[in-house]
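Read top to bottom, the protein sequences are chains H and V.
For the first sequence, position 915 (counting from the first letter as 1) is numbered 915 according to full-length UniProt numbering, and the numbering increases by one without interruption.
For the second sequence, position 53 (counting from the first letter as 1) is numbered 53 according to full-length UniProt numbering, and the numbering increases by one without interruption.
Only one structure is covered here, and it is reproduced in the block below.
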Amino acid sequence: MAGPSLMDSLFQRSVDDIIKGIRLTPPGTESTFIAKSLDEIRREIKSTDPQTKATALHKLTYLHSLHGADMSWAAFHSVELSSSSAHSHKRIAFLAASLSFNPSTTEVILLLTHQLRKDLSSSNVHEVSLALSTLSSICNPDLARDLTPELFTLLSSSKIVVRKKAIAAVLRVFEQYPDAVRVCFKRVVENLENGDMGVLSAVVGLFCELTEKDPKSYLPLAPEFYKILVDCRNNWVLIKVLKIFAKLAPLEPRLGKRVVEPICEHMGRTGAKSLAFECVRTIVTSLSDYDSSVKLAIGKLREFLLDDDPNLKYLGLQALAIVARTNIWAVLENKELVVKALSDVDVNIKLEALRLVMCMVSEDNVMEICRILISQALKSDPEFCNEILDFILLTCGRNFYEVIFDFDWYVSFLGEMARIPHCQKGSEIESQLVDIGMRVKDARPQLVHVARDLVIDPALLGNPFIHGVLAAAAWVSGEYIELSRNPFEIMEALLQPRTSLLTPSVRAVYIQSAFKVIIFCLNSYLKLNGNDPSYPSESTYSDLKSDYPGRFETVASQPLSDTEPDNPNMVVTDGQKPSVSSRMHHLTLESLVALVNLVETNLGPLAGSNEVEVQERASNVLGLIKLIKPKLLGCLDTREGDKVNGEPKASEMVELIFGAFSEDLGPVSLNAQERVPVPDGLVLKEDLRDLEEICGDIELPLSTSFSLVKLQKMDATSNSEHHSKEEFEPSTESTSLLAEHRKRHGLYYLPAENAGIISNDYPPAHDPKDKASDETEDLVKLTEQSLVIKKKPNQAKSRPVVVKLDDGEGFKVAAKAPEFKADLISGAVQEVLLGNEATSSSRRKSSKKSSKRREMDESNVGVPESKNEIVNADMSEIGFPSSGRRKHHGHGKERKHRSSGKDKEHDHKDKQKSEHGHGKHKSRQRADGALAAQSPVIPDFLL
Amino acid sequence: MIRGVIIMNDQGKPRLVKFYEFQPVEKQQELVRSIYRSRRAENVSNFVKVDSLFGPDVRLVYKTFATLYFVFIFDNSENELAMLDLMQVFVETLDKCFSNVCELDVVFNFKKVHTILDEIILGGQVLETSSSEVVKAVEEISKMESNGNSIISSIPGWQGR
Chain H
1 MAGPSLMDSL FQRSVDDIIK GIRLTPPGTE STFIAKSLDE IRREIKSTDP QTKATALHKL
61 TYLHSLHGAD MSWAAFHSVE LSSSSAHSHK RIAFLAASLS FNPSTTEVIL LLTHQLRKDL
121 SSSNVHEVSL ALSTLSSICN PDLARDLTPE LFTLLSSSKI VVRKKAIAAV LRVFEQYPDA
181 VRVCFKRVVE NLENGDMGVL SAVVGLFCEL TEKDPKSYLP LAPEFYKILV DCRNNWVLIK
241 VLKIFAKLAP LEPRLGKRVV EPICEHMGRT GAKSLAFECV RTIVTSLSDY DSSVKLAIGK
301 LREFLLDDDP NLKYLGLQAL AIVARTNIWA VLENKELVVK ALSDVDVNIK LEALRLVMCM
361 VSEDNVMEIC RILISQALKS DPEFCNEILD FILLTCGRNF YEVIFDFDWY VSFLGEMARI
421 PHCQKGSEIE SQLVDIGMRV KDARPQLVHV ARDLVIDPAL LGNPFIHGVL AAAAWVSGEY
481 IELSRNPFEI MEALLQPRTS LLTPSVRAVY IQSAFKVIIF CLNSYLKLNG NDPSYPSEST
541 YSDLKSDYPG RFETVASQPL SDTEPDNPNM VVTDGQKPSV SSRMHHLTLE SLVALVNLVE
601 TNLGPLAGSN EVEVQERASN VLGLIKLIKP KLLGCLDTRE GDKVNGEPKA SEMVELIFGA
661 FSEDLGPVSL NAQERVPVPD GLVLKEDLRD LEEICGDIEL PLSTSFSLVK LQKMDATSNS
721 EHHSKEEFEP STESTSLLAE HRKRHGLYYL PAENAGIISN DYPPAHDPKD KASDETEDLV
781 KLTEQSLVIK KKPNQAKSRP VVVKLDDGEG FKVAAKAPEF KADLISGAVQ EVLLGNEATS
841 SSRRKSSKKS SKRREMDESN VGVPESKNEI VNADMSEIGF PSSGRRKHHG HGKERKHRSS
901 GKDKEHDHKD KQKSEHGHGK HKSRQRADGA LAAQSPVIPD FLL
Chain V
1 MIRGVIIMND QGKPRLVKFY EFQPVEKQQE LVRSIYRSRR AENVSNFVKV DSLFGPDVRL
61 VYKTFATLYF VFIFDNSENE LAMLDLMQVF VETLDKCFSN VCELDVVFNF KKVHTILDEI
121 ILGGQVLETS SSEVVKAVEE ISKMESNGNS IISSIPGWQG R
């Protein structure tokens, strides 16, 4: 390929030319222009003339940063140009490096080490600055390690600009190479006493970052921070110090007592909103125990809330949300402002206000608040409307409807929400409707009523967002049909023509509910009209009652009044006190036949539906009708004939199905399955070990046609599996079971740890049946046992019982998360850091200069084990979500470090020491013992 | 820490993109696009929720100056209002450096804008909040650059070959 010619250099296009060119290209052809420019750049950049090269690199950097052009290929050119003596070239080179180098993958970074070292030692302030800025952009562990000595020197540079930049850069170095902490930390701490605000700001900023990740370790430095808090008048510095104290104060109660006063002072004194806000935030997050200061802070906060600046209002509301966790009175005090903010033009403010309003919700005001919010929702744009609905559902459903006292109101309210035009929260409403049905027995009559209204409304069927709600309503109508005032009406609603608009899964629920309704009607008819000797009508009702306690009393107590007297099917016609039996006595054969005909006509076409769920369910119902209809027409009395034919009596069938449907569904705990005892003689584990092996082998080929032969062949070929094969062969019986089982259920197996569940969910084909049914019985028993009814004591009005499971269901997960976090925080990392700093700060007091070297060695050796942990933890902290590759890379590196064991670590350290010129091998051994005793001690500076 | 500084115009064209943690350039472009999409009306608060883009605790504050849209992305260790102040400092500095800054100045001074920003923020840490200090430093740097350049340009580039 032709190298860059003289012409290229002479007529090279400048950055400005490129920019102008891009601006002039007609829209759409930009990428062509850029591609052309990139071709030029590729040629020019190879030039030996630094000016040409620099311009090319400059252009490339521009195209990379603002137009997304790839420039990873030019990494080496940046390195090359960085050694140019011209500052402008160097600047271009370092700008290119800091904008394009990936610290974890760009290999040429290490080639920059030498140049950076040279520049860091330069006498020119701007050269050093440039190097520091580049270092902090492209820092990787190797670079950090190699440049630590230079950085150490710069930390006490006499030039303020250099010193503060070095402090800022040291943060990246610490993150990448935690060992640098041992070298540099002391100097960093010394800078806390610097009088220059720039330096102080930088060093406090550095500690702010460090405490953010691991506050405990920096407690020993609290006296220094305190001094700054009291003496400093620079807002930037104070804000950072406040942030540090916000982290430290919760760890050390005495500290809070000490700092609360100066913080309040600052809050009262300052005219800067930023500082005032930071004071408020510090108090409400970390010093919420100090009532008087919290009061002061709330007063200040009110100023923010009343301000016209939407930013202040927004931040004020956010701070108020923090207060709400500990001091809800503060929110209540500003209630009117919060409610007013609900109708602000700013979505941010509205959302914060909404969050606060939901904080205020209690048993007493939930109805009122929801009413306000719904009226707000109706006025709002769809997005905010749904936001409101979301919050309402979340708050009301929280902790098993903790705040809901009046479930009749709540279920009606849910129905209302579903009808809001913009409502897109169908699935949440759906699950709550069903959940309440299962958990709150007392709410069922009202729930059925609400469900009826939803199901019966043909207009709702056209809104796909609430199909979920309709499914829930249909399920409720079917499941609790005995509570319905008019099953016929429900049936008509379930079969109305517009149900064809529903998605198949919802439609399946509709059909299933229709099935339940028809069974219920048939059964009621049979029981109440069964005048033959085997069905004494007297006992029927009491039978029903005892079988399904609670279902019928509620109906009886529910005034059925004369709400729908004009309905021809309505069963309550005589003005007498309504009761189930009287209602059912009015079920006539004609109405029943009409009902069956209605179902048949409507479901008939669905038996040919393409949707399996719909088709299957429709067929079920039609099958039943086919069985029932002749008997119905034959008046159901010719039972003797049935017996002769040996067929099961239709009435018995109905009764059986009804029995099956009447089994009350309770909520099932997520871990109910785990608690099913394994029956004697059922060897779960052995089978599963085989299963695991088989699954392991299968995973690779994963062919649809599973064959045992293939499996065994594979087994034989792999040497490592040889042993397992022997184990495997004797149990061919179980494998054949598995194979069959697999054929039936495809390859969808649960993960191994849920092994117990597999056998329960999919009993092997030849498993003795009684065993399986035993298990399900156990499960049923267990669920029943685990239903714990909790009542709230001392309530004026009795709250309906909400069924909860004793193991807390969802709570388990929520409780676990903070625990895990705490584990991470209280890891060995901080202890090490704490120890390290405690030593450095305590020593600072005793001997300032004389034993500097020894200290270095001591701290190097004192914590050899945990060093890696620091590395590890730091790496994981650094890992930015998007930089997965880099993180991975980093880990790999450290792992190498660690696995090589102590010896190598010592070598490494020695090498480092000799490099730094601090080497003193023998002191190490001596220091070992002394340091072990230096457990993290927090100096009692407060006394 | 400040995670990033972006300047874009009212059409969403980036004019300056600087992230203080490495981001692949494709990701940068995507973020710029998402941020542009999430821009908000006038006279409302200047904060935008960016949890979905940058993870929890990360906030974004923006301010519009004429046709330019300045964006600062930062985390918990920065004060929201201080960031707005810093943005003011940045704009002020640009204004001083280019005397009445306009979009074209930012467009054609890619390198210089980076130099200015580097004087204010290093590695995500705020280092200088006085615009006059920044201007001083930037002027010194410009002088250094032109000095260096004059030496180079006095030796014709191709003579070396």
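Using N, Cα and C, we set each Cβ at its ideal position, and we do this for glycine too.
The model shown is predicted, which means the values in this text are computed figures rather than measured ones.
In this structure, does DSSP put H/Leu-287 in helix, strand or coil?
coil
Checking contacts by CB at 7 angstroms: is H/Asp-346 closer than that to chain V?
yes
Less than 7 angstroms between CB atoms is the rule here; does V/Met-1 satisfy it with respect to chain H?
yes
Quick one: list the residues of chain H neighbouring residue 204 of chain V, beta-carbon separation under 7 angstroms, in chain order.
The question about residue 204 of chain V has no answer, for chain V in this structure spans 1 to 161.
Would you decide whether H/Ala-35 is buried or exposed? Buried here means 16 or more other CB atoms lie within 10 Å of its CB.
exposed
Rounded to whole angstroms, what's the CA-CA distance from H/His-87 to H/Leu-154? Just pull it up for me.
21 angstroms
Determine contact between the stretch 170–188 of chain H and the stretch 96–113 of chain V, defined as no fewer than three beta-carbon pairs at a distance below 8 angstroms.
no
Between the alpha carbons of H/Lys-216 and H/Thr-282, how many angstroms are there, rounded?
17 angstroms
Is it true that the CB of H/Asp-457 sits closer than 7 angstroms to the CB of residue 952 of chain H?
As displayed, chain H neither begins before 1 nor continues past 943, which places residue 952 of chain H out of reach and without an answer.
To the nearest angstrom, report how far apart H/Thr-211 and H/Val-506 are at their CA atoms.
53 angstroms
With a threshold of 16 other CB atoms inside 10 Å of the CB of H/Arg-328, please say whether the residue is buried or exposed.
The sequence shown places Ile at residue 328 of chain H, not Arg. Under this definition H/Ile-328 is an exposed residue.
Scan the stretch 94–110 of chain H for residues whose Cβ lies nearer than 7 angstroms to a Cβ of chain V and list them as they occur along the chain.
Those would be Leu-95, Asn-102, Pro-103, in chain order.
What do you reckon, are the CB atoms on H/Tyr-235 and H/Leu-275 nearer than 7 angstroms?
In the sequence as presented, Tyr is not what sits at residue 235 of chain H; that position holds Asn. Yes, the pair counts as a contact, with Cβ atoms nearer than the cut-off.
Would you tell me roughly how many angstroms separate the C-alpha atoms of H/Gly-756 and V/Asp-51, rounded to the nearest one?
Legend: pLDDT at H/Gly-756 = 38, less than 50; position of this residue unreliable, value from coordinates given subsequently. Roughly 39 angstroms separates the two Cα atoms.
On the premise that H/Leu-63 lies in contact with H/Ala-69, defined as a C-beta separation below 8 angstroms, what is that separation, rounded to the nearest angstrom?
4 angstroms
In the DSSP assignment, find the unbroken beta strand (DSSP E) run with V/Leu-60 in it and report its ends.
59–65
Against chain H, with Cβ distances strictly below 7 angstroms, would V/Gln-88 count as a contact?
It does not: the Cβ of V/Gln-88 has no partner Cβ on chain H nearer than 7 angstroms.
With distance defined between alpha-carbon atoms, name the residue in H/Thr-52, H/Lys-46, H/Phe-33 nearest to H/Phe-11.
Selected option, being the one with the closest Cα: H/Thr-52.
Comparing the C-beta of H/Lys-118 with each C-beta of chain V, is any distance below 7 angstroms?
No, because no Cβ of chain V sits closer than 7 angstroms to the Cβ of H/Lys-118.
Just reading off the beta strand (DSSP E) that V/Gly-4 is part of, what are its end residues?
2–9
With a CB to CB cut of under 6 angstroms and the five nearest residues on each side skipped, what residues in its chain are close to H/Ile-511?
Arg-617, Ala-618
Can you find a C-beta in chain H that's less than 7 angstroms from the C-beta of V/Met-144?
yes
Does the separation of the CB atoms of V/Val-48 and V/Ser-38 fall below 7 angstroms?
yes
Roughly how many angstroms separate the alpha carbons of H/Leu-24 and H/Ile-18, rounded to a whole number?
10 angstroms
Which of the three DSSP states, helix, strand or coil, is assigned to H/Asp-16?
helix
For V/Tyr-36 versus V/Gly-12, is the C-beta distance shorter than 7 angstroms?
yes
For V/Leu-31, decide whether its Cβ has a neighbour in chain H, counting only Cβ atoms nearer than 7 angstroms.
No, its Cβ sits nowhere closer than 7 angstroms to a Cβ of chain H.
What does V/Tyr-69 pair with, by DSSP beta-bridge criteria?
V/Met-8, V/Thr-64.
Whose Cβ in chain H lies nearer than 7 angstroms to the Cβ of V/Thr-129?
Trp-236
Can you list, in chain order, the residues of its chain whose CB lies under 7 angstroms from that of H/Leu-320, leaving out five sequence neighbours each side?
Leu-301, Ala-330, Val-331, Asn-334, Leu-356, listed in sequence order.
Which value, in whole angstroms, describes the spacing of the CA atoms of V/Ile-141 and H/His-126?
7 angstroms
Taking DSSP's pairing of strands, which residues face V/Leu-16 in a bridge?
V/Ile-7
Check the Cβ of V/Leu-84 against every Cβ in chain H and list those closer than 9 angstroms, keeping chain order.
Ser-274, Asn-311
Give a yes or no on whether the minimum CB-CB distance between V/Pro-14 and chain H is below 7 angstroms.
yes
What number of angstroms, rounded off, separates the C-alpha of H/Phe-101 from the C-alpha of V/Gly-123?
14 angstroms
Mapping the DSSP letters down to three states, classify residue 162 of chain V as helix, strand or coil.
With chain V running from 1 to 161 in the structure shown, residue 162 of chain V is simply not present.
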